[in-house]
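In what follows, a single structure is set out as structure tokens and then discussed.
Numbering (the working numbering), first residue to last: 9 to 145.
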């Protein structure tokens, strides 16, 4: 049976589809962590609510989630599949601050550890924003 070669367009489509599926599953994992955190009695008092980003926010501003706080305003979050990609994303220069949170299946399988992990990252971002504004922490 002859071997049929796959064209570049077809291969690019398959690769992009798989990356899209992986990105969506990481977003869904992080969303479930956010929902658990919002329903928890241990939710930080500065955290008001979390919502998914709109289509425009997602495609033009690289934002997956928008977090509203009581005192500093809005924080923007992007879900990534690994620490490497999160660090790479956080090192890029942007017109506004967006924090990347790595969320893979192994971390999401332990919800309490994942919630603490996400809260640590959000707390560091919260402290950085307050420090840049000159507010006491």
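Glycine included, each C-beta is placed from N, C-alpha and C at the ideal position. Predicted, not measured: the structure shown is a model, and the values here were computed from it.
- Residue state for residue 111 is assigned as coil, using DSSP reduced to three classes.
- If you draw a straight line from the Cα of residue 80 to the Cα of residue 18, it is about 46 Å long.
- In this structure the segment 115-135 touches the segment 34-46; the number of beta carbon pairs closer than 8 Å is three or more.
- Under the three-state reduction of DSSP output, residue 87 falls in the strand class.
- Residue 55 sits buried, since 16 or more C-beta atoms from the chains shown fall within 10 Å of its C-beta.
- Excluding residues up to 5 positions away in sequence, 87, 89 lie with their Cβ nearer than 8 Å to the Cβ of residue 31 in the same chain.
- The residue from 136, 50, 59, 33 with its alpha-carbon nearest to that of residue 75 is 59.
- Secondary structure note for residue 133: its alpha helix (DSSP H) is the uninterrupted segment 119-141.
- Of the candidates 77, 85, 100, the residue whose Cα lies closest to the Cα of residue 66 is 85.
- Within the DSSP secondary-structure output, residue 77 pairs in a beta bridge with 55.
- Shown here for residue 128: not one same chain residue has a beta carbon closer than 8 Å to its own, the five before and five after excluded.
- Just measuring C-alpha positions, the residue of 94, 144, 145, 101 sitting nearest residue 126 is 94.
- Considering only 138, 99, 106, 27, the residue with the shortest C-alpha distance to residue 83 is 106.
- The beta carbon of residue 46 sits closer than 8 Å to the beta carbons of 55, 57, 58 from its chain, once the five residues preceding and following it are set aside; these are given in chain order.
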